[in-house]
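Notes follow once the structure below has been shown.
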Amino acid sequence: MHFQWYPGHMTKAKRMMQENIKLIDLVIELVDARIPMSSRNPDIDELGRNKSRLILLNKADLAEDKWNDEWIAYFKEKGFSCVKVNSKKGGGVKSIQSVIQEACKEKMERDRKRGILNRPVRAMVVGIPNVGKSTFINALAGKACAKTGNKPGVTKGKQWIRLNKNVELLDTPGILWPKFEDQSVGLKLAFIGSIKDEILNVEELAADFITFAKNSYPGVLADKYDIEEAGDSYECLKAIAESRHCLVRGNELDTEKAAALLLDDFRNGRLGRLTLEYPEK
Ligand code: GDP
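With positions in the sequence shown counted from 1, the corresponding number in the numbering used here is that position plus 49.
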């Protein structure tokens, strides 16, 4: 399967980020806890040079907790502050203020030495579409002050949300487009729903997902759909169609419907907490 991205959007978003990033001290980068590496855009390391950095493993509720902790250790080792959060339910969000403070400690200390007192730290949330930026900003600010949804934002007048006397947050998140020369990265982004299903072959995608699930989480599909996992992935997809009564014209198996159902179950955590990639040792 081949994926394409939209260079037009990318350039525009990048320009906006470059402008906004000049104003801030701390980059709060959201990644998807199920694919912490594939949901990062490598440009952020260049854009965020000389800034304090905090990585949030968002949607931590959908990923295996053991791997969440391994990823936190991995990013910390690389010099980032890192915590896991569930922005939707608010899990981990409360403690973020102190984490932000901690991530900016050096910067505040430098300010203090130069006689700059009481200048709040300015932070910006960044991440790929759908990673949960708006949900996180809403949860952190405690009210619906950032638009949720999946529309590329355009900064007009910049608005700062005051989190406390020490921290201000830019209300408009920075959108980074996912980047992949590597098709396996594209595939994982497609699994979690970051690439519109309309431009994909959903049955092929589901079959690839089945291959992954059978290898990394044997038994999960068998338990959920009451099927045999033996046999090739497309056979499994047919078995899911059968077990879930996905039929067309009365008696033909509707594998397209079964594929959509499977992907939807995964994306919404109904297959349990599954992590799709693991940190390098
Ligand atoms: P944005 O495009 O980065 O601003 O992403 P949104 O904030 O619009 O969120 C995209 C989708 O992910 C929405 O359906 C949210 O409800 C969902 N979402 C956001 N954070 C979490 C989370 O921590 N856990 C789960 N399960 N869903 C989340």
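Glycine included, C-beta positions come from ideal geometry on N, C-alpha and C.
>> According to DSSP, simplified to helix, strand and coil, what is E284?
In response: helix
> Near S136, which residues of its chain fall below 7 Å by C-beta distance, leaving aside the five closest residues on each side in sequence?
Replying inline: N107, V142, G181, T184, F185, A188
>> For the ligand GDP, I want to know if K245 counts as a neighbour, meaning its beta carbon is within less than 7 Å of at least one of the ligand's heavy atoms.
In response: no
>> Let me make sure I understand the geometry here. Which of F315, I289, R322, N317 has the alpha-carbon closest to that of K306?
In response: I289
> Does the distance from the CB of L236 to the CB of A152 come in under 8 Å?
Replying inline: no
>> Measuring only from the beta carbon, is T60 closer than 7 Å to any heavy atom that is part of the ligand GDP?
In response: no
>> For I121 and R298, I'd like the C-alpha separation in whole angstroms.
In response: 50 Å
> In whole angstroms, what separates the C-alpha of K154 from that of K100?
Replying inline: 12 Å
> Which whole-angstrom value describes the C-beta separation of S282 and A256, a residue pair presumed to lie in contact below a C-beta threshold of 8 Å?
Replying inline: 4 Å
>> Please state whether the Cβ-Cβ distance between Y327 and E119 is less than 8 Å.
In response: yes
> At which residue ranges does the stretch 99-159 contain complete beta strand (DSSP E) runs of 3 or more residues, listed in the order of the chain?
Replying inline: 101-107, 130-133
> Comparing the C-beta of Y266 with each C-beta of chain D, is any distance below 8 Å?
Replying inline: Checking the listed chains, one finds no chain D in this structure; it contains a single protein chain.
>> If I follow the unbroken beta strand (DSSP E) through E78, where does it start and stop?
In response: 75-81
> Based on Cα-Cα distance, which residue from C295, W209, I259 lies nearest to E284?
Replying inline: I259
>> Less than 7 Å separating the Cβ of D110 from some heavy atom of the ligand GDP?
In response: yes
>> Relative to the C-alpha of V175, which candidate in V234, R64, V80 has its C-alpha closest?
In response: V80
> Do F315 and L302 have their CB atoms nearer than 8 Å?
Replying inline: no
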